[in-house]
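Each residue of the sequence shown is one higher than the one before, starting from 3 at the first, in the numbering used here.
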Amino acid sequence: MSWIILVVAGLFEIGWAIGLKYTDGFTRLMPSAITVAAMIASVYFLAIAVRTIPIGTGYAVWTGIGAVGVAILGMILFSEPRTVLRIASIAFIVIGIVGLKLVT
Numbered sequence: 003m004s005w006i007i008l009v010v011a012g013l014f015e016i017g018w019a020i021g022l023k024y025t026d027g028f029t030r031l032m033p034s035a036i037t038v039a040a041m042i043a044s045v046y047f048l049a050i051a052v053r054t055i056p057i058g059t060g061y062a063v064w065t066g067i068g069a070v071g072v073a074i075l076g077m078i079l080f081s082e083p084r085t086v087l088r089i090a091s092i093a094f095i096v097i098g099i100v101g102l103k104l105v106t
């Protein structure tokens, strides 16, 4: 169950990181409120997950989910570059996340 909660925390991290783009420096009320709520939810679920998952593993997986998700959504939503090296780098992060899950 802790791993599911950790994935939920990672999804909220993706949400708040992407949300930052829409806040316009926290000058837009609704996107800012949603982004802050996602930040709080992300850290809350991370805190719940690391009750039973080692903190180093939990934090690395949490940030990895966020990094991969934001990188992919950046390419989809904001037309960020889609180079082979960029995609390979994302794949390496995914391999690291899977590796941490397998050894924990």
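Using N, Cα and C, we set each Cβ at its ideal position, and we do this for glycine too.
This one's a predicted model, so the numbers in the text were calculated from it and none came from an experiment.
1. Just mark leucine 8 as buried or exposed, buried being the case when its beta carbon has 16 or more other beta carbons within 10 Å.
2. Just verifying my parser: in three-state terms, what is the DSSP assignment at proline 33?
3. Below 8 angstroms on the Cβ atoms is my guess for alanine 19 versus alanine 51; work out the distance and round it to an integer in Å.
4. Once you ignore the five residues that flank isoleucine 95 on each side, which residues in its own chain have a CB closer than 7 angstroms to its CB?
5. Span of the alpha helix (DSSP H) holding phenylalanine 94?
6. Just to confirm, is the Cβ distance from alanine 40 to glycine 17 under 8 angstroms?
7. Can you list, in chain order, the residues of its chain whose CB lies under 7 angstroms from that of aspartate 26, leaving out five sequence neighbours each side?
8. Could you work out which residue in Pro56, Arg88 and Leu48 is closest to lysine 103 when comparing CA atoms only?
9. Is it true that the CB of leucine 48 sits closer than 8 angstroms to the CB of glycine 60?
10. Near tryptophan 64, which residues of its chain fall below 7 angstroms by C-beta distance, leaving aside the five closest residues on each side in sequence?
11. Ordered along the chain, which non-local residues of its own chain (more than five positions away) have a Cβ less than 6 angstroms from that of tyrosine 24?
Per the coordinate set shown:
1. Translated into the one-based positions of the sequence shown, residue 8 becomes position 6. So leucine 8 ends up on the buried side.
2. Counting from 1 along the sequence shown, the entry for residue 33 is found at position 31. If DSSP states are grouped into helix, strand and coil, proline 33 belongs with the helices.
3. What you label residue 19 is simply residue 17 of the sequence shown in a count that begins at 1. What you label residue 51 is simply residue 49 of the sequence shown in a count that begins at 1. The pair is not a contact, with the Cβ atoms about 18 angstroms apart (cut-off 8 angstroms).
4. Position 93 of the sequence shown holds residue 95. Only Gly66, Ala69 and Val70 meet the Cβ criterion.
5. Here residue 94 refers to the residue found at position 92 of the sequence shown. Run containing phenylalanine 94: 86–105, per the alpha helix (DSSP H) assignment.
6. Along the sequence shown, read from residue 1 onward, the residue named residue 40 stands at position 38. Along the sequence shown, read from residue 1 onward, the residue named residue 17 stands at position 15. In contact: alanine 40 and glycine 17 (Cβ atoms closer than 8 angstroms).
7. In the sequence shown, the residue the question calls residue 26 occupies position 24. Contacts found: none.
8. What you label residue 103 is simply residue 101 of the sequence shown in a count that begins at 1. Considering only alpha carbons, the answer is Pro56.
9. As a working note, residue 60 is residue 58 in the sequence shown. As a working note, residue 48 is residue 46 in the sequence shown. Yes, they are a contact pair.
10. The residue given as residue 64 occupies position 62 in the sequence shown. The answer, listed in chain order, is Leu8, Ala11, Gly12, Glu15 and Leu48.
11. Against the sequence shown, residue 24 aligns to sequence position 22. Result list for tyrosine 24: Pro33, in chain order.
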